[in-house]
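Here the sequence shown stands for residues 197 to 375, numbered as in our numbering.
Structure, as structure tokens:
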Amino acid sequence: LYFLSFDFDKKGTEKARKARKFIQDFSRKYVTSALQQYEQSKAFEELYDRRHNKLYRESLRGKLFASFFLTYAGYRALRLPKGSRPDDPRFMAGMEASGEAVKDPQATHWQEPYKQRGKIHAVVLLADDDEEYLKEEEGKIFGGIYDFGEVVGVERGLAMRIKDKKGVDHTVEHFGFLD
């Protein structure tokens with residue numbers, strides 16, 4: 197997960213334009229649709245031999261998973277018209293205001309970069325089984341971000357796997373569910 201902050205003030209129209217262009221280009225080139233994710237998952241299952249724990253990575257190379265999430269502060273920073281912004285009161289108020297409802301700790305106990313109230317404008321999720329490939333793509337994607345913002349935080353994760361009684365390998369989702 198990559199936490200982005202757009203760095204422009206009220207007069208930063210050109211930087212806002214560059215940020216919107218980044219989002220547009222990123223979405224067109226990288227964002228994975230639900231259908232693409234389903235098809236990639238099926239292809240992965242066909243190529244993955246769970247008994248021998250073998251993945252034919254070269255067959256799946258280039259299938260980076262990507263998502264883009266915009267906060268309400270991000271909508272405002274990009275100067276998007278109110279009619280094109282979500283109008284859900286909790287979304288508009290931000291995570292801090294919903295803390296109790298979602299059982300989050302008080303904001304004073306949050307880790308960085310989450311304490312930066314209103315500074316996280318977007319979150320980018322990138323995932324791939326090949327860590328080197330992921331880092332290459334990361335460099336390509338975020339190389340020009342300083343023209344309009346910065347990456348204010350990064351969280352990295354690894355897939356969790358367990359073997360069942362028959363020795364078959366299963367992926368465990370971060371909430372403890374098995375795929």
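Every residue gets a Cβ at the ideal spot worked out from N, C-alpha and C, and that includes glycine.
A quick note: this is a predicted structure, and the numbers were derived from the prediction, not measured.
- Three or more beta-carbon pairs drawn from the segment 345-362 and the segment 307-318 are found closer than 8 Å, and the two stretches are therefore classed as touching.
- With the rule of 3 Cβ pairs closer than 8 Å, the segment 321-331 does not count as touching the segment 286-295.
- About 19 Å separates the beta carbons of ILE337 and THR267, which is beyond the 8 Å limit, so they are not a contact pair.
- Measuring C-alpha to C-alpha distances from GLY314 to each of PRO282, SER229, ALA293 identifies ALA293 as the nearest.
- Excluding residues up to 5 positions away in sequence, LEU200, LEU266, GLY270 lie with their Cβ nearer than 6 Å to the Cβ of ALA318 in the same chain.
- Collapsing the DSSP output to three states places GLY335 in a helix.
- In the structure shown, the three-state DSSP call for ALA297 is coil.
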